[in-house]
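Participant: Below is one structure. I have some questions about it.
There are 2 protein chains.
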Amino acid sequence: MSILVVGSVAFDSVKTPFGEAKEILGGSATYFSIAASFFSVVKLVAVVGADFADENLEVFRKHAIDTRGLQQVPGRTFRWSGEYGFALNEAKTLDTQLNVFESFRPEIPDTYRDSEYVFLGNIDPILQREVLSQVRKPKLVACDTMNYWIQSKLEELKKTLALVDILIINDAEARMLTGQSNLTKASKEIRSWGPKALVVKKGEYGVGLFMDGSIFGAPAFPLEEVFDPTGAGDSFAGGFVGYLAKAGRFDDATIRKAVIYGSVMASFNVEDFSLNRLKNLSSAAIKQRYQEFKQLTHFEVDEEF
Amino acid sequence: MSILVVGSVAFDSVKTPFGEAKEILGGSATYFSIAASFFSVVKLVAVVGADFADENLEVFRKHAIDTRGLQQVPGRTFRWSGEYGFALNEAKTLDTQLNVFESFRPEIPDTYRDSEYVFLGNIDPILQREVLSQVRKPKLVACDTMNYWIQSKLEELKKTLALVDILIINDAEARMLTGQSNLTKASKEIRSWGPKALVVKKGEYGVGLFMDGSIFGAPAFPLEEVFDPTGAGDSFAGGFVGYLAKAGRFDDATIRKAVIYGSVMASFNVEDFSLNRLKNLSSAAIKQRYQEFKQLTHFEVDEEF
Chain A
20 MSILVVGSVA FDSVKTPFGE AKEILGGSAT YFSIAASFFS VVKLVAVVGA DFADENLEVF
80 RKHAIDTRGL QQVPGRTFRW SGEYGFALNE AKTLDTQLNV FESFRPEIPD TYRDSEYVFL
140 GNIDPILQRE VLSQVRKPKL VACDTMNYWI QSKLEELKKT LALVDILIIN DAEARMLTGQ
200 SNLTKASKEI RSWGPKALVV KKGEYGVGLF MDGSIFGAPA FPLEEVFDPT GAGDSFAGGF
260 VGYLAKAGRF DDATIRKAVI YGSVMASFNV EDFSLNRLKN LSSAAIKQRY QEFKQLTHFE
320 VDEEF
Chain B
20 MSILVVGSVA FDSVKTPFGE AKEILGGSAT YFSIAASFFS VVKLVAVVGA DFADENLEVF
80 RKHAIDTRGL QQVPGRTFRW SGEYGFALNE AKTLDTQLNV FESFRPEIPD TYRDSEYVFL
140 GNIDPILQRE VLSQVRKPKL VACDTMNYWI QSKLEELKKT LALVDILIIN DAEARMLTGQ
200 SNLTKASKEI RSWGPKALVV KKGEYGVGLF MDGSIFGAPA FPLEEVFDPT GAGDSFAGGF
260 VGYLAKAGRF DDATIRKAVI YGSVMASFNV EDFSLNRLKN LSSAAIKQRY QEFKQLTHFE
320 VDEEF
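If you're matching them up, the sequences are chains A and B in order.
Mapping the first sequence onto our numbering, position 247 (from 1) lands on 266, and the numbers just tick up by one.
Mapping the second sequence onto our numbering, position 52 (from 1) lands on 71, and the numbers just tick up by one.
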């Protein structure tokens with residue numbers, strides 16, 4: 020089944036303790052699309068400027084991502100630059116240039132409107148609803164957001180959340196969104212606004228999944244070399260929604276598996292700069308890391324105590 | 020099998036957003052002992068002052084903890100006071116009075132010297148070795164430490180670690196100890212100094228266990244009400260070492276189970292002030308929470324991808 024994703028396509032300039040890369044392809048919808056493409060058909064909705072060369076489309080084409088919804092307009096493509104310190108846990112944003120993204124009005128091609136899965140990437144919650152209203156009959160809607168929208172457009176965001184099945188955010192965002200330090204309590208409040216499930220990303224500390232009557236926790240995959248954390252959250256979302264779309268079910272067991280596939284994709288993504296690792300990933304490697312997650316988290320039932 | 024534990028017995032004054040308690044029984048060896056007593060016989064080595072009343076011994080007696088190694092000397096008992104903010108993740112120490120702890124020289128009663136399990140609580144690494152040298156033939160030695168010893172007595176600490184099987188510290192301590200931000204790398208370095216296993220406590224984010232050729236990760240138990248985090252790390256160590264002593268084995272599967280029992284004890288401990296929750300805990304409740312951990316972390320092998 021196919022996934023419609025709306026979000027940013029950008030040129031990133033990233034500096035980490037291990038190196039530097041300038042004007043490389045990035046953006047939330049880019050990372051999401053490539054990660055999700057290992058599981059499902061992906062239909063991309065985003066905007067780029069006149070400076071977006073044909074060669075930049077190559078990676079989308081190679082992964083059979085539908086780019087008919089990628090508008091190209093006069094002006095410059097969205098640019099972000101950031102830097103990671105020693106601990107690699109949080110990007111310090113050095114510069115954000117919205118450029119063509121500033122006046123982005125998503126237009127959904129007619130061939131996209133029957134998408135059964137929708138991922139509303141981190142854009143203005145009003146635009147998120149605009150996109151959603153153009154999809155005929157989605158089976159599952161997942162959504163991301165960020166501190167900027169929580170602080171500046173909370174009421175609009177809540178209107179969007181009322182239409183969303185699964186919210187995927189990080190722990191700081193869950194706390195900011197609710198004013199609740201305790202994530203279990205925060206998850207209840209967020210789910211009272213609409214989402215049936217909340218996925219809380221905790222970076223190197225893993226992921227929590229909160230649903231009615233079921234909580235799932237998984238650690239992050241322990242890597243000796245984390246090269247560039249940019250896009251980890253979006254790669255997670257891509258693997259997560261991608262697997263759900265592939266499975267076509269949303270029962271507890273399937274959503275838990277999707278969390279692990281999301282974690283698998285995030286763990287690969289941080290192993291190299293930009294999309295380099297995801298670009299060269301094989302299904303066999305994904306399968307193997309899923310099994311390694313099983314080993315990582317396995318403990319036996321205890322009969323002795 | 021019995022566990023010898025050396026560490027602090029203290030009077031704590033604790034303030035959290037949910038309440039306040041003054042001069043309540045605490046200390047690393049206290050939390051460790053009570054938690055471990057649900058699994059094994061515990062022999063306590065510590066020092067208290069003349070102000071330590073008989074009634075303070077009640078909780079140790081009730082849990083059949085051997086207190087023949089608890090010295091009572093003239094002076095005041097060790098006191099600590101701290102405060103937790105909204106996020107409850109880190110104590111701000113308001114005051115530390117070492118008192119009788121300052122000149123503590125652990126003396127191990129002869130009846131303790133055949134203990135097969137030893138837990139060296141967070142005290143001066145020189146004293147940790149002094150204790151260990153008085154134990155005849157320990158099967159397993161586990162150890163804790165803190166930033167103070169890492170900064171002031173690193174070489175002494177490394178000499179102690181050379182004699183230790185399992186080091187149990189938090190993530191900030193693991194990073195400080197090695198200067199390595201990456202925990203997988205830090206664990207390798209620490210294990211090159213002696214310990215066969217490193218347990219990294221991450222508070223609300225769970226625990227990582229690093230051994231040769233095996234890494235285990237477990238989330239913390241999600242609680243809606245965290246009342247007082249004091250003693251969580253020591254309760255973890257008590258459940259962890261307590262279960263290992265009960266099992267009498269140190270294979271991979273057993274150590275993983277021990278991590279879960281440690282996490283179970285820590286999760287109970289934070290549900291109420293001081294020792295209140297551990298004091299009133301039943302084996303049935305421990306057993307049930309272990310099973311809940313299984314549900315929390317369970318996901319299926321995937322045959323579809």
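Quick reminder that beta carbons are idealized off the backbone N, C-alpha and C, glycines included.
To which residues does DSSP link G222 of chain A through a beta bridge?
Facilitator: Per DSSP, none; premise fails for G222 of chain A.
Participant: For S200 of chain B, decide whether its Cβ has a neighbour in chain A, counting only Cβ atoms nearer than 8 Å.
Facilitator: yes
Participant: Buried or exposed for K111 of chain B, please, with buried defined as at least 16 other CB atoms from any protein chain shown within 10 angstroms of its CB.
Facilitator: exposed
Participant: Using 8 Å as the limit for Cβ to Cβ distance, is F324 of chain B near chain A?
Facilitator: yes
Participant: For L44 of chain A, does the three-state DSSP call read helix, strand or coil?
Facilitator: strand
Participant: So, under 8 Å CB-CB, Y50 of chain A and G257 of chain A are touching, yes? Tell me the CB distance rounded to an integer number of Å.
Facilitator: About 6 Å separates the CB atoms of Y50 of chain A and G257 of chain A; that is less than 8 Å, so the two are in contact.
Participant: To the nearest whole angstrom, what separates the beta carbons of R98 of chain A and F30 of chain A, a pair I think is in contact under 8 Å?
Facilitator: 5 Å
Participant: Between B:V78, B:V183, B:A277 and B:E102, which lies nearest to F138 of chain B when the distance is taken from Cα to Cα?
Facilitator: B:V183
Participant: List the endpoints of the continuous beta strand (DSSP E) containing N189 of chain A.
Facilitator: I185 to N189
Participant: Using beta-carbon positions only, say whether G261 of chain A and A69 of chain A come within less than 8 Å of one another.
Facilitator: Not closer than 8 Å, so no.
Participant: Does the beta-carbon of E192 of chain B have 16 or more other beta-carbons within 10 angstroms, so that it is buried, or is it exposed?
Facilitator: That one is buried.
Participant: How close, in whole Å, do the beta carbons of V25 of chain A and P128 of chain A come, if the pair is a contact with beta carbons under 8 Å?
Facilitator: Incorrect: roughly 12 Å between the Cβ atoms, too far for contact.
Participant: Between L176 of chain B and I169 of chain B, is the Cβ-Cβ spacing less than 8 Å?
Facilitator: A contact, by the Cβ cut-off of 8 Å.
Participant: To which residues does DSSP link W99 of chain A through a beta bridge?
Facilitator: A:D31 and A:T115
Participant: The ligand MN heavy atoms versus the CB of M230 of chain B: any closer than 7 Å?
Facilitator: Of the ligands one can find in the structure shown there are none, so the ligand MN has no counterpart to examine.
Participant: I need the straight-line Cα distance from F259 of chain A to N295 of chain B, nearest angstrom please.
Facilitator: 41 Å
Participant: Since V283 of chain B contacts F312 of chain B with CB under 8 Å, what's their CB separation in whole angstroms?
Facilitator: 7 Å
Participant: Entirely within the region 130 to 170 of chain B and at least 3 residues each: give me those beta strand (DSSP E) ranges in chain order.
Facilitator: 136 to 139 and 159 to 162
Participant: Between which residues of its own chain and G250 of chain B is the CB-CB distance below 6 Å, once the five residues before and five after are set aside?
Facilitator: Y50 and N288
Participant: Would you mind telling me which residues of chain B sit closer than 8 Å to P238 of chain A, beta carbon to beta carbon, in chain order?
Facilitator: G225, G227, G236, A237 and P238
Participant: Let's see if you can read the secondary structure: which residues bound the alpha helix (DSSP H) around Q310 of chain B?
Facilitator: S302 to T316 is the span of the alpha helix (DSSP H), which, as asked, contains Q310 of chain B.
Participant: A237 of chain B and I274 of chain B look like a contact to me (Cβ under 8 Å); what is the Cβ gap, rounded to whole Å?
Facilitator: Actually they are not in contact, since the Cβ atoms of A237 of chain B and I274 of chain B sit about 12 Å apart, beyond 8 Å.
Participant: I'd like to check one pair, S27 of chain B with A65 of chain B: are the Cβ atoms closer than 8 Å?
Facilitator: yes
Participant: Return the bridge partner residues of K62 of chain A from the DSSP annotation.
Facilitator: K62 of chain A pairs with A:L23 and A:D85.
Participant: Any Cβ of chain B within less than 8 Å of the Cβ of T95 of chain A?
Facilitator: Before going on, a small fix: residue 95 of chain A reads as Arg here, not Thr. No, because no Cβ of chain B sits closer than 8 Å to the Cβ of R95 of chain A.
Participant: If you measure beta-carbon to beta-carbon, which residues of the region 174 to 189 of chain A are closer than 8 Å to chain B?
Facilitator: none
Participant: Which chain A residues are close to K221 of chain B, counting only those with a beta carbon under 7 Å from its beta carbon?
Facilitator: Simply Y224.
Participant: Throw me the rounded Cβ distance for the F58 of chain B and A264 of chain B pair, which I believe falls under 8 Å.
Facilitator: 7 Å
Participant: Nearest CA to the CA of D114 of chain B: which residue from B:P93, B:K41 and B:Q153?
Facilitator: B:K41
Participant: If you draw a straight line from the C-alpha of V226 of chain A to the C-alpha of K220 of chain A, how long is it?
Facilitator: Whole-angstrom Cα-Cα distance: 5 Å.
Participant: Give me the chain B residues within the contact set of V289 of chain A, using Cβ-Cβ distance strictly less than 9 Å, ordered along the chain.
Facilitator: Chain B residues near V289 of chain A: none, gap ~11 Å exceeds 9 Å.
Participant: With H, G and I counted as helix, E and B as strand and the rest as coil, what does DSSP make of G94 of chain A?
Facilitator: coil
Participant: Kindly give me the distance between the Cβ atoms of S32 of chain B and S100 of chain B, rounded to whole angstroms, as I take these residues to be in contact under 8 Å.
Facilitator: Sure, about 4 Å apart at Cβ, within 8 Å.
Participant: Quick one: does E192 of chain B have its CB under 8 Å from some CB of chain A?
Facilitator: no
Participant: Just to confirm my understanding: we take F120 of chain A, look at its own chain, exclude 5 residues before and 5 after, and list those with CB closer than 7 Å. What are they?
Facilitator: S27, V66 and F97
Participant: Using 8 Å as the threshold, is the C-beta distance between E323 of chain B and A266 of chain A below it?
Facilitator: For E323 of chain B and A266 of chain A, yes; Cβs fall inside 8 Å.
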